[in-house]
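Take a look at the structure below.
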DNA sequence: TTTAGCGGTTACCAGTTGGTAACCAGAATG
DNA sequence: CATTCTGGTTACCAACTGGTAACCGCTAAA
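Protein chains in written order, with the working numbering: chain L, 60 to 175; chain B, 60 to 175.
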């Protein structure tokens, strides 16, 4: 029998940053929303048009959550009909490198799955 | 009323790399498993001990999925009792920058939530 | 023969997620 | 007055997720 190695890792015991971050970007549609907002600010119905298949309910839910997390800012223009613009906050902008890294791996995964 | 901007984004229409990658690392416990395996190869029961709270069922499910995705390699040593070692593949190793980026954002999120 | 350890598998079940469809307020338009 | 537009909210419901607990085959040791 192989020697049993002991757990001597230094970092992620309980509420690790990985889970912290993934709980924000992990939900359905969330990455898409962040992606589009990272390009430029967008209005509610623009996001709804940009992201094919998303429902108003989910879009509302995700934007509310992202706003609560400090990732997205909601700005209401008092026009008529009112228009609401969403943009990434500074913190939201810091998600970009992570998103980019994920996208980069995603490309490789697609390439491999496409080959097979 | 604000002018209605048209969707002219270039990249992520359907099965975008973001969703492709997050479908791999998004499930419960998965980031933890990848984290531990990125440090060094580990055996089943080591992972089970390392990750507090995970059940054998979930660990099995995750490892199978990761193996099917080409992220993890399963290696059986014909000892007695048999020992099974899991390690990241080359592709799995490429997940590390993404994981690191996510961890880095997670730290900032924890800092902000800790302040509030 | 019984027990223990490894690496799982299986049945069952509760909670969460996300989908659809209907509905809402306020203001402008016909 | 009815309709349209934006930006949602709500009720309802099916599917998926993940948890618990019991069980399995194999080998070695007591």
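Every residue, glycine too, gets a C-beta built ideally from N, C-alpha and C.
Checklist entry - For residue 84 (chain B), which residues from the same chain have a beta carbon less than 8 Å from its beta carbon, with the 5 sequence-adjacent residues on both sides left out? => result Here residue 84 (chain B) corresponds to residue number 25 of the second chain, with the count starting at 1. Result list for residue 84 (chain B): 90, 93, 154, 157, 158, in chain order.
Next on the checklist: Counting only beta-carbon separations shorter than 8 Å, does residue 143 (chain B) have a partner in chain L?
Outcome noted: Along the second chain, read from residue 1 onward, the residue named residue 143 (chain B) stands at position 84. Not closer than 8 Å to any Cβ of chain L, the Cβ of residue 143 (chain B) fails to qualify, so no.
Item to check | Per-residue DSSP class, three states only, for residue 139 (chain B) | outcome: Here residue 139 (chain B) is taken as the residue at index 80 of the second chain, counted from 1. Residue state, collapsed to three classes: coil.
Checklist entry - Using Cβ-Cβ distances below 8 Å, what residues of the region 127-158 of chain L are close to chain B? => result 128, 129, 136, 138, 139, 140, 142, 144, 150, 153, 154, 156, 157, 158
Checklist entry - Measuring CB to CB, does residue 98 (chain B) end up less than 8 Å from residue 168 (chain L)? => result Taking the second chain and counting its residues from 1, the one referred to as residue 98 (chain B) is at position 39. Taking the first chain and counting its residues from 1, the one referred to as residue 168 (chain L) is at position 109. No. Outside cutoff.
Checklist entry - Applying the criterion that 16 or more other CB atoms from any shown protein chain within 10 Å of the CB defines a buried residue, is residue 121 (chain B) buried or exposed? => result What you label residue 121 (chain B) is simply residue 62 of the second chain in a count that begins at 1. Residue 121 (chain B) should be labelled buried.
Checklist entry - Using 8 Å as the limit for Cβ to Cβ distance, is residue 123 (chain L) near chain B? => result Residue 123 (chain L) sits at position 64 when you count from the first residue of the first chain. So no, residue 123 (chain L) is outside the interface.
Item to check | DSSP beta-bridge partners of residue 179 (chain L) | outcome: No statement about residue 179 (chain L) is possible, as the shown extent of chain L runs from 60 to 175 and does not include it.
Item to check | Distance between beta carbons of residue 150 (chain B) and residue 171 (chain L), contact taken as under 8 Å | outcome: Walking along the first chain from the start, residue 171 (chain L) turns up at place 112. Walking along the second chain from the start, residue 150 (chain B) turns up at place 91. With 8 Å as the limit, residue 171 (chain L) and residue 150 (chain B) qualify as a contact, their Cβ atoms being about 7 Å apart.
Next on the checklist: Let's see if you can read the secondary structure: which residues bound the alpha helix (DSSP H) around residue 76 (chain B)?
Outcome noted: Within the second chain, the letter at position 17 stands for residue 76 (chain B). Run containing residue 76 (chain B): 76-84, per the alpha helix (DSSP H) assignment.
Item to check | Top-ranked residue by Cα proximity to residue 129 (chain L), from B:124, B:165, B:114, B:119 | outcome: Locating residue 129 (chain L) in the first chain gives position 70, where the first residue counts as 1. Closest option to residue 129 (chain L), Cα to Cα, is B:165.
Checklist entry - Can you name, in chain order, every residue of its own chain whose Cβ lies under 8 Å from the Cβ of residue 32 (chain L), other than the five neighbours on each side? => result Past the boundaries of the shown model lies residue 32 (chain L); chain L is included only from 60 to 175, so the question cannot be answered.
Checklist entry - Since residue 160 (chain L) meets chain B, which of its residues come closer than 7 Å, beta carbon to beta carbon? => result Residue 160 (chain L) sits at position 101 when you count from the first residue of the first chain. Those are 156, 157, 160, listed as they occur along chain B.
Next on the checklist: Please report the distance separating the alpha-carbon of residue 124 (chain B) from that of residue 142 (chain L).
Outcome noted: As a first step, residue 124 (chain B) is located in the second chain; it is residue number 65 there, counting from the start. As a first step, residue 142 (chain L) is located in the first chain; it is residue number 83 there, counting from the start. Distance between the alpha carbons of residue 124 (chain B) and residue 142 (chain L) is about 44 Å.
Item to check | residue 100 (chain B) versus residue 81 (chain B) - alpha carbon distance | outcome: Numbered from its first residue, the second chain carries residue 100 (chain B) at position 41. Numbered from its first residue, the second chain carries residue 81 (chain B) at position 22. Straight-line Cα distance between these residues: approximately 23 Å.
Next on the checklist: Closest to residue 44 (chain L) by C-alpha separation, out of L:87, L:96, L:140, would be which residue?
Outcome noted: Residue numbering for chain L in the displayed model covers 60 to 175; residue 44 (chain L) lies beyond these limits and cannot be assessed.
Checklist entry - Would the beta-carbon of residue 160 (chain B) fall within 8 Å of that of residue 160 (chain L)? => result What you label residue 160 (chain B) is simply residue 101 of the second chain in a count that begins at 1. What you label residue 160 (chain L) is simply residue 101 of the first chain in a count that begins at 1. Taking 8 Å as the Cβ cut-off, residue 160 (chain B) and residue 160 (chain L) qualify as a contacting pair.
Item to check | Member of B:102, B:131, B:152, B:110 whose CA lies at the smallest distance from the CA of residue 144 (chain B) | outcome: Numbered from 1 along the second chain, position 85 holds the residue referred to as residue 144 (chain B). Taking only the C-alpha atoms, the option nearest residue 144 (chain B) is B:102.
Checklist entry - residue 171 (chain L) versus chain B: which residues are under 8 Å apart at the beta carbon? => result Counting from one through the first chain, the residue named residue 171 (chain L) turns up at place 112. 129, 150, listed in chain order.
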